[in-house]
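Keeping their order, the protein sequence lines are chains A and B.
Counting in my numbering, the first sequence runs from 1 upward without gaps.
Counting in my numbering, the second sequence runs from 404 upward without gaps.
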Amino acid sequence: MNLAIRDIRRHGARFLGTAVGVGLLLSVVIAMQGIYAGMVDDATSLTRAMHADIWVVQRDTRGPFAESSRVDPSVEARAAAVAGVRSARPYTYQLIQRDHGENVLRIALVGLGWPDDPGRALPLVAGRRLAQPHGEMIADTSMGLAIGEEVTLAGENYRVVGLTKNALTSGGDSVAFMTAADTQLVLLDQPAEATVLERQRVLERLRGTEIGRSQPALEDLTTDPRWRAPALAAPPVAAVLLEVDPHRIEQVRETLAGWGDVTSYTQDEEEELLLGGVVQRARLQIGLFTIILTVTAAVIVTMIIYNLTLEKTHDLAVLKLMGAPRSRMLGLVLQQAWLLGVAGYAVALVIGELAFPAFPRRVLITPSISMLAPLATMIVVTLASLLGLGHVMRIDPARALEG
Amino acid sequence: MTEAVRAVNLSKTYGTGTAQVKALDDVSLTLAHGTVAALLGPSGSGKSTLIKALGFVSPADTGEVFFEGRSVVKDGRALEDLARLRRRHLGFVFQKANLTSFLTARENVEIACEFGGKVDGRRRARELLQYLDVGGREASYPETLSGGEQQRVAIARALANEPSLILADEPTAALDSVRSRTVMELFRTVAHERGAAVLVVTHDHRALDVFDVLYEMEDGRLRPYEAAHVG
């Protein structure tokens with residue numbers, strides 16, 4: 001006769017309530033671990049999605065994610081000419097926030113090197129890659145946009161032609177991919193008033209120079225709406241991405257090291273910069289929070305199991321007086337703890353299935369979490385039952401005779 | 404009749420210094436199989452301490468207890484596995500039935516059969532409950548049974564392992580006089596029909612005629628109960 005199951009059968013509602021409570025606790029612990037894993041994955045998935053062997057960024061910076069980087073666009077052509085480089089393409093990255101209908105879209109705009117790269121490395125879950133140099137975007141499903149939907153940015157409409165899943169920044173923002181030229185349009189967009197003021201500043205500077213005074217006709221250029229100020233030509237990019245012959249990576253890097261305006265990182269180094277810099281503090285914080293939550297959950301589960309055991313003290317004293325083998329007494333507490341762990345974990349799974357997708361940050365249940373969480377749960381409930389087991393060992397059977 | 408349990412010169416003291424109380428003072432007692440004995444005495448006279456010592460629950464400081472002829476406890480030291488001895492050969496009945504709350508009436512008896520190493524515990528539990536006239540309540544939980552029914556189930560549980568010795572500590576304290584007498588008569592039947600030695604601690608003087616032997620305790624000392632007291 002299994003005493004643990006008999007006790008649970010008798011107090012089914014209470015056990016179920018306790019299991020739900022334990023399940024809620026476990027779901028919070030699993031959610032924290034999932035958010036931690038999601039943060040790490042988000043941080044690296046964007047760099048991996050770009051499929052670059054080498055990231056060329058502004059000299060002595062840790063760009064483009066850990067800090068801002070401005071690379072002269074000529075680097076793309078210069079790098080493409082280096083022996084061993086198969087392809088070079090520009091990369092731009094900027095965060096914007098825009099109203100879209102009743103919602104606010106917070107988007108990390110990533111520029112693709114059209115026409116070489118229409119987004120061929122992106123894992124699309126719907127739609128297609130970019131097919132024209134202007135007016136199209138590939139959005140992440142987390143933005144809630146549908147194929148064919150249009151988003152207005154800098155006065156232009158951009159049609160969603162493809163959808164990715166889990167293309168997020170380390171900050172959890174959704175990523176949208178456009179041609180690098182389109183992202184520059186959005187980046188350099190400014191109100192008409194600012195354009196007028198800028199033209200006026202150019203005019204003032206022109207009048208202060210010898211050439212301006214000697215050639216007054218130049219002033220007409222500054223008021224021509226078709227004219228672009230020379231200072232705005234060829235805007236810098238955040239980085240240049242290189243695909244390189246695998247056996248010539250070091251050789252290419254040595255060449256790039258000789259250039260005075262850039263620094264290069266391999267894919268792994270770029271990921272380390274992200275994990276060690278941008279998300280390091282958040283990782284530590286969430287990691288610490290996860291540990292505190294796990295310990296808190298363990299303490300609460302310990303007290304629950306201990307109280308369940310305390311409530312049975314008299315019954316246990318009677319069984320002990322009857323000469324119940326020690327294994328049966330300890331088994332009652334231990335098996336009940338295990339059943340509580342199994343039931344609690346099942347509740348946590350259901351909660352996770354229903355609630356995690358609605359979390360604002362991605363909760364990534366990795367295979368290691370899937371394997372370790374139930375194992376850790378069983379270890380925690382086993383350790384938690386030690387206090388109850390100690391109580392069982394200390395129960396004096398004579399207590400049963402004391403009425 | 405053969406000896407079930409024999410206590411020789413048991414003494415036990417609680418407390419120290421001026422607060423010292425001698426609960427057992429050189430107590431010797433023999434209970435034979437098939438005998439039902441009553442143990443009387445005022446509260447604090449040492450009855451429960453003697454029950455604990457004879458039941459191998461809390462041994463006396465000095466003295467020796469023999470079970471079916473072999474020495475089991477000597478001067479407070481166990482010479483055998485006492486828990487095993489209890490589950491195989493002893494039965495207990497308490498003032499309150501003390502049934503395990505999360506087991507049904509049948510399961511309360513069945514678990515004692517299991518502990519006692521009896522095969523087919525379910526069938527045996529049913530038979531015992533029918534023998535004690537509570538067969539119809541086997542699926543009921545203790546809290547739904549009347550006091551009398553609970554005590555009958557407790558007696559069935561005490562009989563589950565076919566004990567050589569049954570120790571009952573004020574088993575009728577919570578029952579009315581009619582039910583008390585019925586329970587006492589049950590003990591006599593069990594002793595006479597099944598050959599167990601039964602020792603019942605009781606304050607109830609109305610059913611003393613049921614017992615084969617009467618003992619009285621006072622200040623830790625045991626003596627035969629005066630026959631003149633029996634009404």
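Backbone N, C-alpha and C define an ideal beta-carbon position, used for all residues, glycine too.
None of these values were measured; they are calculated from a predicted model.
Query	Result
T141(A) versus V125(A), A77(A), L130(A), A154(A), residue with shortest Cα-Cα distance	V125(A)
Cβ distance (whole Å) where V71(A) is taken to contact V57(A) below 8 Å	6 Å
CB contact check: G418(B) to chain A, cutoff 8 Å	no
Burial state of I558(B) (16 or more Cβ within 10 Å)	buried
Identity of the residue in R98(A), S170(A), G119(A) nearest G155(A) by Cα	R98(A)
Strand pairing of Q97(A), partner residues [DSSP]	R106(A)
CA-to-CA distance, L602(B) to F590(B), given in whole angstroms	9 Å
A435(B) (DSSP reduced to helix, strand or coil)	strand
Minimum Cβ-Cβ distance from I454(B) to chain A less than 8 Å	yes
Rounded separation between I291(A) and L339(A) - CA only	24 Å
Rounded separation between A400(A) and A500(B) - CA only	10 Å
Nearest candidate by alpha-carbon position, reference T438(B), set E588(B), E629(B), L625(B)	E588(B)
Per-residue burial, I107(A) [other beta carbons within 10 Å of its own, 16 or more giving buried]	buried
Where the beta strand (DSSP E) through R509(B) begins and ends	It is not in any beta strand (DSSP E) - R509(B) instead sits in the alpha helix (DSSP H) that spans 508 to 518.
8 Å Cβ cutoff, M322(A) in contact with chain B	yes
CB contact below 8 Å: L310(A) versus chain B	no
Under the three-state DSSP convention, the category L334(A) falls into	helix
Beta carbon of V75(A) nearer than 8 Å to that of V240(A)	yes
Helix, strand or coil at R128(A) [DSSP, three-state]	coil
Proximity test, Cβ basis, 8 Å: L506(B) and chain A	yes
Pairwise C-alpha distance: D536(B) and E517(B)	22 Å
Through-space distance from A298(A) to V593(B), alpha-carbon basis	51 Å
Contact check, N345(A) vs L25(A), beta carbons under 8 Å	Per the sequence shown, residue 345(A) should be read as Tyr rather than Asn. No, Cβ-Cβ distance for Y345(A) and L25(A) is not below 8 Å.
Counted within 10 angstroms of its Cβ, other Cβ atoms place K312(A) as buried (16 or more) or exposed	buried
Interface flag, L401(A) vs chain B, CB-CB below 8 Å	yes
Minimum C-alpha distance to L321(A) - residue among A407(B), V424(B), F495(B)	F495(B)
Proximity to P360(A) [Cα-Cα], best of S174(A), S370(A), E149(A), L206(A)	S174(A)
Minimum Cβ-Cβ distance from S461(B) to chain A less than 8 Å	yes
I138(A) - partner residues in DSSP beta bridges	G162(A), F177(A)
CB of A600(B) within 8 Å of CB of L434(B), strictly	yes
Identity of the residue in E573(B), T416(B), R409(B) nearest D464(B) by Cα	T416(B)
CB contact below 8 Å: A126(A) versus chain B	no
Residue span of the beta strand (DSSP E) that contains G38(A), given as start and end	Note, G38(A): premise wrong, no beta strand (DSSP E); alpha helix (DSSP H) at 12 to 49.
Per-residue DSSP class, three states only, for F495(B)	strand
Host beta strand (DSSP E) of S706(B) (start-end)	Nothing can be reported for residue 706(B): it is not among the residues displayed for chain B, which extend from 404 to 634.
Three or more C-beta pairs below 8 Å linking the segment 298 to 310 of chain A and the segment 378 to 391 of chain A	yes
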